Amino acid sequence: MGLQEVAVLGVGTTRFGVYPDKSNIVLAREAGVAALKDAGISFAEVGEAFVGYLFSTPMTGIRAMKEFGLTGLPATHVENASATGLVAFRDAAWAVASGRCDIAMALGFDKMSEAMRGGGRGQGRDSIDNVILPAAYFSLWGMRRMHERGTKPEHFAQIAAKNWNHGALNPFSHRQPDHEVTVEQVLKSRKISEPVTAMMTCPVDDGAACAIVARKDLARKLQPDRPLVGVRASVLQTETYSRGHIFMGPVVGPPSMTRDTGKQAYEEAGLGPEDMDLVLVHDAFANEELEYYELLGFAAEGEAEKLLEEGHTKLGGRIPFNTDGGLIARGHPGGPTGLAQIHELVVQLRGEAGRRQVDGARAGMAQLVGGGSVCAITILQRD
Amino acid sequence: MSEASAERVPVEAGFFTIPDDPSASPQLLGSKCVECGEYFFPRRPICARCLAHGCEDVTLSSRGTLFTYTYVHFPLMNSQRADHGGYGVGQVDLPEGPRIQAVLSGGENDFQIGMEMELELETLRQNKQGQDVVIYRFRPSTDGEA
Ligand SMILES: [Zn+2]
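Order-wise, the sequence lines are chains A and B. Numbering of the first sequence is given in my numbering, commencing with residue 46 and proceeding in unit increments. Numbering of the second sequence is given in my numbering, commencing with residue 90 and proceeding in unit increments.
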């Protein structure tokens, strides 16, 4: 059996936001119970679990799993920075694809608001790594692109405004503006690091999300009346060496990592960018999304601005990006982020996305980069 | 002229030199692969390019070219100095090959991609022993300086 014989059986997520009164364990239970309910199974049927988070102490994942019952199942902690959720999903999908179990769970949770209360990453030990604000690293991409391509801050603001406005249509989105967010408003928000403004960045979030995968034949039997969403590819890469690689300081990897990982995902899926109906990417900072248009093959080199200007990447366009609001609006707690992307893909491919439904969506892609660095990509397709 | 007489210690050891003469440029401590000749910063015993073991220690050029930069509108993390409204961050390509990501010294409008940059030391704070804790950063080169 291979990955092509695996389907998503159920998904669940909390709305991301700041929840001072809810622990990680409570958030994880809410998302997990929602996914079990959506899958229509009992936790006793889950054969293996992969749990991802960034900001809690060791063992927290195993403790969270106990909320569903103590069945003795093998459970493994997964951590790959921002890409954690998609990596947990990959492990769950392969646990089924390898024949190790029939049903597997990927669960992610985090309370970034608690981690930030400690002062954030900069207040740690003395080190060269610890002085620069994380936003700076993606801003460095943005400034280089403006230099090479003549890109304007308005382009980045247009992406941010689009994703805020997508968030307004998603009940699970942290940011749900009650008015249309404009390019001017994004540009006028507080300066963070050139060319990025506050409204071009993701919020601080708590939350949890969960996906349950199963053998396709089993999924068909359990859910005969529902469109089957199959896993076509779920891949993970670290960086390959090229001259000018930055080793010192927290790094976000060369942009080419997304191109290489995307290429592998398309090859394994037997699909190309022309087959995708929606795409979810790591827009922790708005300028990243513009790069991914090209790196994932949706625009030729130097043509990303044109794709954006012509409105092709918003809902109703040819290839909508971040239909759920992306990291900028839906939110980005850390561990659950990739599983919230899986939630959005599955809901869209089943045709259950309501006001933000992409007409006739049959295939979609989720991409995340994580510091260190890694890139994870999953492609799902409706049968 | 030297501005202070306090002894200078690195924020983290093993990454850069601290010259006795405060007006002299510090240097980054790097490695060169004995097999393929690739240069690296920071030091590493195994070549990331050809995977050969046994890189040799080198010191790297103090000057390079600005590949990209940004200006952060927040105080520098881990610094106790009050004069930081914000700071530049950049990536500088050294002639040997390594690209160095570091804080830049200068104002919001002082940087241009492609300009020549020069390494210097910045004092983050004083430690309990009264020593200046320093980190490296780059500043736009001032040509003609002795
Ligand atoms: Zn070598």
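For each residue, glycine too, the CB sits at the ideal point set by N, CA and C. Note that this is a predicted model, so its numbers are computed, not measured.
Given residue i as reference, the closest of the options once Cα atoms are compared
i	options	result
E165/B	L178/A, H224/A, S301/A, I373/A	Looking at the sequence provided, one finds Leu at residue 165/B rather than Glu. Residue L178/A is the option with its Cα nearest to L165/B.
G62/A	K207/A, G85/A, S218/A, R162/A	S218/A
E50/A	L273/A, A126/A, D322/A	L273/A
M188/A	L140/B, V98/B, G177/B, V100/B	G177/B
D83/A	R220/A, G106/A, T58/A	T58/A
G396/A	V132/A, Q203/A, R271/A, D147/A	R271/A
G294/A	K217/B, G119/B, P131/B, V147/B	P131/B
Q402/A	I422/A, G362/A, E346/A	G362/A
N125/A	T423/A, L413/A, D428/A	L413/A
T303/A	L325/A, R288/A, F292/A	L325/A
E124/B	Q116/B, L117/B, P115/B, P134/B	P134/B
I86/A	A259/A, E348/A, K359/A, A314/A	A259/A
S127/A	F134/A, R108/A, Y98/A	Y98/A
P222/A	V228/A, L232/A, H211/A, E229/A	H211/A
Y160/B	F129/B, G196/B, K217/B, D232/B	G196/B
Y337/A	E313/A, D322/A, F366/A, G106/A	F366/A
W139/A	R194/A, G47/A, L214/A, I107/A	G47/A
A411/A	G307/A, A253/A, A76/A, G380/A	G307/A
V276/A	A142/A, Q393/A, L263/A	A142/A
T227/A	L214/A, N208/A, P216/A, E193/A	N208/A
A95/B	F156/B, T212/B, D232/B	T212/B
Pair within 8 Å by beta-carbon distance, residue i and residue j
i	j	result
L152/A	A73/A	yes
V123/A	T129/A	yes
G376/A	C247/A	yes
E205/B	R228/B	no
L193/B	G153/B	no
I257/A	G55/A	yes
I424/A	A408/A	yes
V78/A	I387/A	no
I189/B	L117/B	yes
A191/B	G175/B	no
L384/A	F134/A	yes
Beta-carbon contacts of residue i that lie in its chain and below 8 Å, excluding the five residues immediately before and after
i	result
F183/A	V241, V297, A329, F330, N332, E333
A181/A	S238
D305/A	Q282, T285, C420
E127/B	K121, C136, A137, R138, C139, G186
S230/B	R152, M204, E205, M206, E207
S158/A	V63, Y64, P65, V249, D250, D251
A345/A	E339
Environment of residue i [buried if 16+ CB atoms lie within 10 Å]
i	result
D369/A	buried
G164/A	Below a pLDDT of 50, predicted positions are generally treated as unreliable, and G164/A, at 49, falls in that range; the measurement from the model is reported next regardless. Burial call: exposed.
A205/A	buried
E389/A	buried
A171/B	In this prediction, A171/B scores a pLDDT of 49, lower than 50, which makes its location untrustworthy; the coordinate-derived value is nonetheless stated afterwards. Answer is exposed; the Cβ neighbour count stays below 16.
G144/A	exposed
R220/A	buried
K261/A	buried
Where residue i falls: helix, strand or coil (DSSP)
i	result
R271/A	coil
G383/A	helix
T129/A	helix
F61/A	coil
A171/B	Low confidence applies to A171/B: its pLDDT is 49, below 50, so where it sits in the model is not reliable enough to give any reading.
S185/B	One point to set straight first is that residue 185/B is Glu, not Ser, in the sequence displayed. Note: E185/B maps to coil in three-state DSSP.
M150/A	strand
I364/A	coil
H142/B	strand
L155/B	strand
E90/A	helix
I237/A	strand
K156/A	strand
M104/A	coil
R277/A	strand
S120/B	strand
I204/A	helix
Y176/B	strand
R97/B	strand
Proximal residues to residue i (C-beta, below 7 Å), its chain only, five neighbours per side dropped
i	result
M110/A	A94, V96, A120
H200/A	L335, E350, L353
G92/A	L118, C146, D147, I148, A149
L19/A	Residue 19/A falls outside the range modelled here, since chain A spans only 46 to 428, and no answer is possible.
P99/B	F105, I107, V223
R450/A	Since the displayed chain A opens at 46 and closes at 428, residue 450/A lies outside it and no answer follows.
Contact test: residue i Cβ vs ligand 2 heavy atom, cutoff 7 Å
i	result
R138/B	Among the ligands modelled here, namely ligand 1, ligand 2 does not occur.
Cβ-based neighbour list, residue i, same chain, cut-off 6 Å, excluding 5 preceding and 5 following
i	result
V147/B	G119, K121
G103/B	none
G342/A	P318
Q201/B	none
Can you give me, in chain order, the residues of the segment 285–306 of chain A that have a beta carbon less than 8 Å from any beta carbon in chain D? Reference to chain D is not applicable here, since the protein chains of this structure are A and B.
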